[in-house]
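According to my numbering, the sequence shown is numbered sequentially starting from 531. Structure, as structure tokens:
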Amino acid sequence: MALLGIVPCAGHVHQCAQILRAGVSIGTNRSLHMTNRYAAKEYYDVVVVGGGAGGITMGARMKRKVGAGKVAIIEPSETHYYQPMWTLVGGGAKKLASSARPTASVIPSGVKWIKSEVKSFDPDNNSIQIDDKEKIGYKYLIIALGIKLQFEKVKGFPEAFKYPKIGSNYSVMTVEKTWKALQDFKKGNAIFTFPNTPVKCAGAPQKIMYLADAYLRKNGKRSDANFIFNTSLGVIFGVKKYADALLQIIKERDINVNYRHNLIEVRPDKQEAVFENLDKPGETKVYQYEMLHVTPPMGPQDVLVNSPVADAAGWVDVDKDTLQHKKYPNVFGIGDCTNLPTSKTAAAVAAQSAVLDKTISLVMKNQTSTAKYDGYTSCPLVTGYNKVILAEFDYNQQPLETFPIDQSKERWTMYYMKANMMPFLYWHLLLTGYWGGPGPYRKIMHLGLK
Ligand code: FAD
Ligand code: UQ1
531 MALLGIVPCA
541 GHVHQCAQIL
551 RAGVSIGTNR
561 SLHMTNRYAA
571 KEYYDVVVVG
581 GGAGGITMGA
591 RMKRKVGAGK
601 VAIIEPSETH
611 YYQPMWTLVG
621 GGAKKLASSA
631 RPTASVIPSG
641 VKWIKSEVKS
651 FDPDNNSIQI
661 DDKEKIGYKY
671 LIIALGIKLQ
681 FEKVKGFPEA
691 FKYPKIGSNY
701 SVMTVEKTWK
711 ALQDFKKGNA
721 IFTFPNTPVK
731 CAGAPQKIMY
741 LADAYLRKNG
751 KRSDANFIFN
761 TSLGVIFGVK
771 KYADALLQII
781 KERDINVNYR
791 HNLIEVRPDK
801 QEAVFENLDK
811 PGETKVYQYE
821 MLHVTPPMGP
831 QDVLVNSPVA
841 DAAGWVDVDK
851 DTLQHKKYPN
861 VFGIGDCTNL
871 PTSKTAAAVA
881 AQSAVLDKTI
891 SLVMKNQTST
901 AKYDGYTSCP
911 LVTGYNKVIL
921 AEFDYNQQPL
931 ETFPIDQSKE
941 RWTMYYMKAN
951 MMPFLYWHLL
961 LTGYWGGPGP
971 YRKIMHLGLK
């Protein structure tokens, strides 16, 4: 217990067996799973697993709902990162340190931080197991575990990162290597990859390419570089309005795009990257690189795969409107770990947090949830050191824009917002549970306009 920093405290931690026996039902006539055969050592009204963007945000919202002492957040990491900053760190426009804060400083005050990893879920008994086989009981569970990076699925990784000229903005360990590779660029291919899996922030694999292009132009080296975007996808971006704008930029900046090309191996000693053609099984092509930016394959966290709270693929199986678990009504999911059919971003987490807040309020009152998430997500597509296309869209991949201007145009104002305002919004409004996405402002901004 002491090792985990968990100190049971009367008034804050209740004996689960006592409370779990209460049993409540919700409007959906599915009864909450409120009997527990195992007495967990600790019990909280709300347990949040994962202390990233979604977990801290929901922890703050739940504190307001049920009181700090009745909420616990389970998160093993000592440091919380604002990951959207890493695009700019890889491009040399921000320092890595500016993306990091101690986890202790973002845990809502009074909320219990259990510095541990979740090892398994037992939703039939309202408990989860953490390190050392210890069980934590809950009345409501919110799963916010994010997505797992799987560099090891590409032959040659992770050892390849010991070599220069390879970087990845997706990991805190490798993002500064991107900037180094860019600064050291001499002559040859600059290659950027997109894997054959779901990813978080699907725009990020190409944002760094536009920054690299701008950097080399500024330094008079662009004519020595051949830019290649090898993507497993069949399109440049899923929303036509922004795809059209990006294709125009790609043409203007002389970038070569190879669709359906998936990175399968890196040979860093020879500076070679091997890609398979997904449309011609067995066909591979070796590319020489002077700089390689890798977006790793990604997938659900190990603890979710084959767990009772996950779907067949390993994503938390939630209702796409309410974010309530499809089978366990006292379990909820938010963010990258869910099977919500939208693009995985912090902006999506913001909009989801407002919906989930409503859903849980209604469930707590034994009412059916009427909240409805529209799939809102956003990707500030950085296309230079002072340019951003602000993509915002919904489940139908239709633009859902906040500002009454054409957001598919590159704008310095949007860059300013991405680089300077979003971090503030994240640390001070999202993580404190006061930012539920731009939905309400969109309506005001568009007043009087069609
Ligand atoms: P995370 O924030 O990743 O948090 C998951 C947490 O779960 C982590 O703290 C982890 O330690 C914890 N965890 C994992 N396993 C366990 C376990 N077994 N037990 C307990 N805890 C566990 N989004 C935008 O909106 N705009 C952008 O411009 C943008 N750009 C991005 C650029 C890059 C390079 C990257 C990498 C991401 C970007 N994103 C952007 C995406 C955004 O950062 C994520 O979508 C967001 O952080 C998702 O929040 P989450 O809570 O689902 O997951
Ligand atoms: C957003 O809400 C958000 O989460 C805090 C982001 O992540 C950092 C974003 O990148 C964006 C664009 C939004 C949406 C916000 C506005 C004002 C359009």
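Glycine included, each C-beta is placed from N, C-alpha and C at the ideal position. Predicted model, so just to flag it, every value in this text is computed and none were measured.
Quick check on DSSP: helix, strand or coil for Ile556?
Note that Ile556 scores a pLDDT of 32, beneath 50, so its modelled location is shaky; the value from the coordinates is reported in the next line. In the three-state scheme derived from DSSP, where H, G and I count as helix and E and B as strand, Ile556 is classed as coil.
My output table needs one value for Tyr568: the three-state DSSP class, helix, strand or coil.
Bear in mind that a pLDDT of 47 at Tyr568, under 50, signals an unreliable position, so the number given afterwards is only what the model happens to contain. The three-state reading of DSSP puts Tyr568 in coil, since its state is none of H, G, I, E or B.
Quick one: Cα of Met564 to Cα of Asn896, how far?
Confidence in Met564 is poor, its pLDDT being 46 and thus under 50, which makes the residue's placement unreliable; the coordinate value appears in the next sentence. For Met564 and Asn896, the distance between alpha carbons rounds to 13 angstroms.
In the DSSP assignment, find the unbroken beta strand (DSSP E) run with Thr907 in it and report its ends.
Residue range Thr907 to Gly914 is occupied by the beta strand (DSSP E) that includes Thr907.
Ala881 beta carbon less than 8 angstroms from that of Gly967:
Against a cut-off of 8 angstroms, the Cβ pair of Ala881 and Gly967 comes out as a contact.
Is Trp643 helix, strand or coil by DSSP?
Strand, per DSSP.
Who are the near neighbours of Leu961 in its chain, counting only those whose CB is closer than 7 angstroms to its CB and skipping five residues on each side?
So the list reads Ile586, Thr587, Ala590 and Val636, once near-sequence residues are dropped.
Go through its chain and collect everything with a Cβ distance to Pro910's Cβ below 7 angstroms, but skip five positions before and after it.
Taken in chain order, the residues that qualify are Val918, Leu920, Met944 and Lys948.
Does the beta-carbon of Thr976 have 16 or more other beta-carbons within 10 angstroms, so that it is buried, or is it exposed?
One detail in the question is off: residue 976 reads as His in this sequence, not Thr. Around the beta carbon of His976, fewer than 16 other beta carbons lie within 10 angstroms, which makes this residue exposed.
In whole angstroms, give me the CA-to-CA distance for His544 and Val861.
Because the pLDDT of His544 is 31, which lies under 50, any placement of that residue in the model is unreliable, and the number read from its coordinates should be weighed accordingly. Distance between the alpha carbons of His544 and Val861 is about 19 angstroms.
Considering only the beta carbon of each residue, do Glu820 and Gly718 sit closer than 8 angstroms?
Judged by beta-carbon spacing, Gly718 lies within the 8 angstroms limit of Glu820, meaning their Cβ atoms are closer than that value.
Taking C-beta to C-beta, are Thr872 and Gly905 nearer than 8 angstroms?
Yes, these two residues count as a Cβ contact at 8 angstroms.
Sheet register partners of Gln854 (DSSP bridge)
In the DSSP output, where bridge partners are listed per residue, Gln854 has Phe862.
So, at 8 angstroms on beta carbons, what are the nonlocal neighbours of Tyr971 in its own chain, with the 5 sequence-adjacent residues on each side left out?
Apart from the 5 residues on each side of it in sequence, Tyr971 sits with its Cβ closer than 8 angstroms to the Cβ of Thr932 in its chain, given in chain order.
Residues in its own chain within less than 8 angstroms of Ala840 by CB, not counting five upstream and five downstream?
Closer than 8 angstroms at Cβ, skipping near neighbours: Pro830, Leu834, Val846 and Asp847.
Going by DSSP, which residues form a beta bridge with Met615?
Answer by DSSP bridge pairing: none, since Met615 is not bridged.
On a CA-only basis, which of Ala773, Gly768 and Leu763 is nearest Tyr925? Give me that one, please.
In this structure, Gly768 is the residue among Ala773, Gly768 and Leu763 with its C-alpha nearest to the C-alpha of Tyr925.
Kindly examine the ligand FAD and report whether one of its heavy atoms sits closer than 7 angstroms to the Cβ of Val833.
Result yes, Cβ under 7 angstroms from the ligand FAD.
Please classify Val934 as buried or exposed, where buried requires at least 16 neighbouring CB atoms within 10 angstroms.
Before going on, a small fix: residue 934 reads as Pro here, not Val. Under this definition Pro934 is an exposed residue.
Proximal residues to Pro827 (C-beta, below 6 angstroms), its chain only, five neighbours per side dropped
Take Pro827, set aside five residues on each side of it, and the residues of its chain with a beta-carbon closer than 6 angstroms to its own are Gln680, Lys683, Pro725 and Thr727, in chain order.
Extent of the continuous beta strand (DSSP E) to which Leu777 belongs:
Unbroken run through Leu777 is the alpha helix (DSSP H), Lys770 to Glu782; no beta strand (DSSP E).
Could you pull the start and end residues of the beta strand (DSSP E) that Ile785 belongs to?
Ile785 -> beta strand (DSSP E) spans Ile785 to Asn788.
Could you have a look at Asp743 and say whether DSSP puts it in helix, strand or coil?
When DSSP states are grouped into helix, strand and coil, Asp743 belongs to the helix group.
So for Pro968, helix, strand or coil by DSSP?
Here Pro968 sits in coil by DSSP.
What number of angstroms, rounded off, separates the C-alpha of Gln659 from the C-alpha of Asn699?
Within the model, the alpha-carbon separation for Gln659 versus Asn699 is close to 32 angstroms.
Between Tyr772 and the ligand UQ1, is the CB less than 7 angstroms from at least one heavy atom?
Not a single heavy atom of the ligand UQ1 lies less than 7 angstroms from the C-beta of Tyr772.
For the ligand FAD, I want to know if Glu647 counts as a neighbour, meaning its beta carbon is within less than 7 angstroms of at least one of the ligand's heavy atoms.
Indeed, a heavy atom of the ligand FAD lies less than 7 angstroms from the Cβ.
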